[in-house]
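Asks: Residue numbers for the sequence shown follow the numbering used here, so the first one is 3 and each next one is one higher. Heads up, the beta-carbon is just placed ideally off N, CA and C, and yes, glycines get one too.
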Amino acid sequence: MEFEAVIGMEVHVEINSRSKVFCACSTDFHAPPNTNVCPVCLGMPGALPVLNRDMVEKSIMVGLALNCQISRWSKMDRKNYFYPDLAKNYQISQYDLPLCHHGWIDIEADGETRRIRITRAHMEEDTARNTHTIAGGLSGVDFNRSGVPLLEIVTEPDIRSAREAYDYLTALKQLLQYLDVSDCNMEEGSLRAEANVSVRPVGSDRLGTKTEIKNVASFSGVQKAIDYEIRRQVEVIRSGGTIIQETRGWDPDRGITFSQRAKESAHDYRYFPEPDLVPIVVDEDWEQRIRQRLPEFPADRRKRFITQYGLSAYDAGVLTQTRAMADFYESTVSRGADAKKAANWIMVELQGRLTEANLDISRSPVSPDNLARLIALIDDGTISGKIAKDVLNQMFADGSDPDTIVREKGLSQISDAGAVESVVREVVRNNPDQVAQFRAGKEKVFAFLVGQVMKASRGKANPALVNDLLRKVLNEEGDA
3 MEFEAVIGME VHVEINSRSK VFCACSTDFH APPNTNVCPV CLGMPGALPV LNRDMVEKSI
63 MVGLALNCQI SRWSKMDRKN YFYPDLAKNY QISQYDLPLC HHGWIDIEAD GETRRIRITR
123 AHMEEDTARN THTIAGGLSG VDFNRSGVPL LEIVTEPDIR SAREAYDYLT ALKQLLQYLD
183 VSDCNMEEGS LRAEANVSVR PVGSDRLGTK TEIKNVASFS GVQKAIDYEI RRQVEVIRSG
243 GTIIQETRGW DPDRGITFSQ RAKESAHDYR YFPEPDLVPI VVDEDWEQRI RQRLPEFPAD
303 RRKRFITQYG LSAYDAGVLT QTRAMADFYE STVSRGADAK KAANWIMVEL QGRLTEANLD
363 ISRSPVSPDN LARLIALIDD GTISGKIAKD VLNQMFADGS DPDTIVREKG LSQISDAGAV
423 ESVVREVVRN NPDQVAQFRA GKEKVFAFLV GQVMKASRGK ANPALVNDLL RKVLNEEGDA
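#1: Pick helix, strand or coil for residue 111, following the three-state DSSP scheme.
#2: By the three-class DSSP mapping on this structure, what secondary structure does residue 11 have?
#3: Considering just the uninterrupted stretch of the beta strand (DSSP E) at residue 272, what are its terminal residues?
#4: Give a yes or no on contact between the stretch 303-315 and the stretch 277-286, applying the rule of three or more CB pairs nearer than 8 Å.
#5: Residues in the same chain with beta-carbon distance under 7 Å from residue 160, minus the five sequence neighbours each way, listed in chain order, please.
#6: At which residues does the alpha helix (DSSP H) containing residue 473 begin and terminate?
#7: Measuring CB to CB, does residue 468 end up less than 9 Å from residue 455?
#8: Would you report the Cα separation of residue 399 and residue 367, rounded to the nearest angstrom?
#9: So, helix, strand or coil for residue 180, using DSSP?
#10: How far does the alpha helix (DSSP H) with residue 330 in it reach, from first residue to last?
#11: Within 10 angstroms of its Cβ, does residue 440 collect 16 or more other Cβ (buried), or is it exposed?
#12: Determine which residues share a DSSP beta bridge with residue 93 and list them.
#13: Going by DSSP, what residue range makes up the beta strand (DSSP E) through residue 195?
#14: If you compare alpha carbons, which of 404, 102, 192 is closest to residue 32?
#15: Got a sec? Which residues, its chain only, sit under 7 Å from residue 422 by beta carbon, not counting five neighbours each side?
#16: Between the stretch 40-52 and the stretch 20-29, do at least 3 Cβ pairs fall closer than 8 Å?
#17: What does DSSP give as the partner residue(s) for residue 133 in the beta ladder?
#18: Mind checking residue 175: buried by the 16 CB within 10 Å criterion, or exposed?
#19: If you draw a straight line from the C-alpha of residue 355 to the C-alpha of residue 333, how long is it?
#20: Using a Cβ distance threshold of 8 Å, determine whether the stretch 148-156 contacts the stretch 123-135, with at least three qualifying pairs required.
#21: Anyone know if the C-beta pair for residue 212 and residue 252 falls short of 9 Å?
#22: If we count Cβ pairs, one from each stretch, closer than 8 Å, do we get three or more for the stretch 133-140 versus the stretch 167-174?
#23: What are the boundary residues of the beta strand (DSSP E) that includes residue 251?
#24: Buried or exposed: which applies to residue 60, given that a residue is buried once 16 or more other Cβ atoms fall within 10 Å of its Cβ?
#25: Tell me residue 490's beta-bridge partners as DSSP assigns them.
#26: Taking one C-beta from the stretch 69-84 and one from the stretch 184-202 each time, how about it: are there three or more such pairs within less than 8 Å?
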């Protein structure tokens with residue numbers, strides 16, 4: 003019997019509001035432990051929550067971007083359970099009336115467009131952070147994270163492979179970053195992904211018993227964990243065993259999932275409406291004002307880059323990976339740079355230096371204006387492409403402009419025909435063997451002679467002029 007996987011994803015996203023969802027405490031991740039706290043986020047008796055408007059508006063933005071219906075009336079609920087990271091012994095969340103529901107997102111998977119349905123996107127507060135690596139085998143709880151705004155995005159079980167899950171997470175992260183609602187930093191816990199995995203016989207429409215995989219630190223880890231869990235469940239069923247509904251962790255060192263606890267059902271949490279918060283009413287006018295703030299989405303921007311700038315689908319995909327890179331590219335082109343040349347310089351030369359320096363393009367020492375000017379210096383023949391790479395190195399090192407670098411270092415290209423021809427003739431005289439080989443029909447020798455001319459001119463000779471004059475001299479009868 004052949005089996006297929008049925009996968010649903012739950013993604014928790016920390017919304018980048020400056021204050022927590024129910025109090026005025028800072029959300030700064032790097033603050034010393036237990037310093038961004040107050041009676042509300044510590045769950046002190048008598049402390050009352052007040053809902054953060056910025057959290058609501060950014061959650062609506064996400065819902066609209068995911069093609070969700072926005073509830074005209076929703077509420078907060080108490081989700082009751084005991085755990086050391088939950089000071090109140092309940093989490094303020096949403097249960098039966100989420101803010102956003104019934105949406106979808108299209109992803110590219112295996113060369114095809116796949117639509118993943120979004121069940122809901124609901125608001126809640128984050129929990130405190132447990133640390134189990136304290137000296138002496140102790141554990142600690144940092145309540146700085148308690149009450150940080152959190153949006154949980156839940157899909158229908160529409161995903162059919164680990165790779166598809168990876169593609170979904172990548173597309174979702176890109177969309178969230180375009181919206182500028184979260185930095186999606188998995189290392190800091192700003193984005194956490196959990197997979198609900200089950201298997202069933204191919205052709206069946208019945209869902210199997212699912213397991214939930216939690217606490218995976220990367221998208222590639224999620225993919226590996228799902229792959230393993232699919233294999234494990236198939237082996238259990240084929241050996242006559244039974245899959246139990248449970249929460250499983252992922253051990254990246256051993257490459258296996260492991261049982262953590264029996265999976266709770268909704269009724270185990272004893273949900274009931276949060277009595278200290280008023281309902282959330284989103285009228286048509288408020289929704290439309292938020293809709294007007296939405297940016298151009300990644301897929302739309304990719305299509306526009308192809309049609310407007312004549313880029314390949316691959317180049318457009320690379321340049322729109324992040325909103326910052328797409329903005330940088332368009333700023334460069336708007337300053338007069340050729341669209342395709344700007345794409346190549348950003349994707350290859352600039353991005354290579356940024357990667358080596360571990361910098362995002364938003365922190366690039368080279369501005370769009372200066373990169374456009376560098377390309378212009380190549381186009382007007384002031385410098386060669388080879389010299390331009392050296393100039394870019396200096397621009398990247400200190401943020402200086404290319405005109406100043408070229409002027410102060412005397413890097414202007416030699417475009418005077420007489421001066422270049424003088425160098426060409428000297429190279430031809432000094433390399434009689436190679437000249438004879440070329441005149442005998444060995445075309446490959448020409449590149450060597452071009453290189454010698456460029457070396458003799460210290461890279462300053464105009465390459466196009468060198469090619470023309472070298473062929474002219476080589477085609478002359480006798481010794482040049």
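Replies: Checking against the coordinates, here is how it stands:
#1: strand
#2: strand
#3: Segment: none, residue 272 is in no beta strand (DSSP E) and carries neither H nor E.
#4: no
#5: 118, 119
#6: 465-476
#7: yes
#8: 7 Å
#9: helix
#10: 325-336
#11: buried
#12: 81
#13: 193-203
#14: 192
#15: 416, 463, 464, 467, 468, 471
#16: yes
#17: 142
#18: buried
#19: 19 Å
#20: yes
#21: no
#22: no
#23: 248-253
#24: buried
#25: This structure cannot speak to residue 490, because the chain is shown only from 3 to 482.
#26: no
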